[in-house]
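What follows is a single structure, written as structure tokens, with notes after it.
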Amino acid sequence: MAAPEYEAYFRVIRRIPRGRVMTYGDVAIAAGFPGRARRVGYALHGLKDARVPWWRVVNAQGRIAIDGGRGEGAERQRDLLEAEGVELVGEGRLRLADCRYVPPAFRSPGAGRRAPKRRGGP
DNA sequence: AGCCTGACTCGGA
DNA sequence: CTCCGAGCCAGGC
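Per our numbering, the first sequence runs over residues 23 to 144.
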């Protein structure tokens with residue numbers, strides 16, 4: 023990768039357990055680059071490393087982000103997710119509440135839900 | 001250099 | 001539920 027920033031993203035994504043998913047924003051935060059959700063998307067867009075389970079990354083709405091959820095890429099991702107046991111609802115939508123993966127570092131006393139709210143950037 | 005795009009996100013209408 | 005605008009930022013032209 024050109025930038026260590028991308029390496030950090032891929033490292034986080036590689037840690038996602040089978041059958042779980044993370045959102046772009048959470049991957050960015052876990053990698054130490056809060057507010058860089060778009061960078062994560064761009065990093066995956068140009069991804070060539072097959073070791074990275076890119077299909078375990080979806081947008082914050084629990085939808086397939088590729089091509090608006092439609093197209094070959096989206097179909098492939100849906101296929102891979104289903105193969106791992108991720109429950110899909112409707113067209114390219116999944117139950118985030120059941121399969122969302124939150125790294126231990128994210129957990130904070132009291133909250134135990136999601137990362138602190140961030141709007142776009144820092 | 002500037003301008004446009006996008007595998008993002010969030011709050012509001 | 002959907003649609004829209006604003007914020008961010010690396011890449012491509």
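Glycine included, each C-beta is placed from N, C-alpha and C at the ideal position.
As the structure is a prediction and not an experimental result, all values here were calculated from the model.
From what residue to what residue does the alpha helix (DSSP H) around residue i run?
i    : result
Y123 : Run containing Y123: none; DSSP gives neither H nor E here.
V62  : A59 to H67
D48  : Y46 to A53
V108 : Careful: V108 lies outside any alpha helix (DSSP H) and carries neither H nor E.
I88  : First-last for I88: undefined, no H or E at that position.
I35  : P26 to R36
Under the assumption that residue i contacts residue j (Cβ atoms under 8 Å), give the Cβ distance between them as a whole number of angstroms.
i    : j    : result
R78  : R42  : 7 Å
P75  : R36  : 7 Å
V108 : C121 : 5 Å
Between residue i and residue j, is the Cβ-Cβ spacing less than 8 Å?
i    : j   : result
Y46  : V34 : no
E106 : R40 : yes
A127 : A52 : yes
Y123 : A65 : no
Please classify residue i as buried or exposed, where buried requires at least 16 neighbouring CB atoms within 10 angstroms.
i    : result
G114 : buried
Q83  : exposed
V80  : buried
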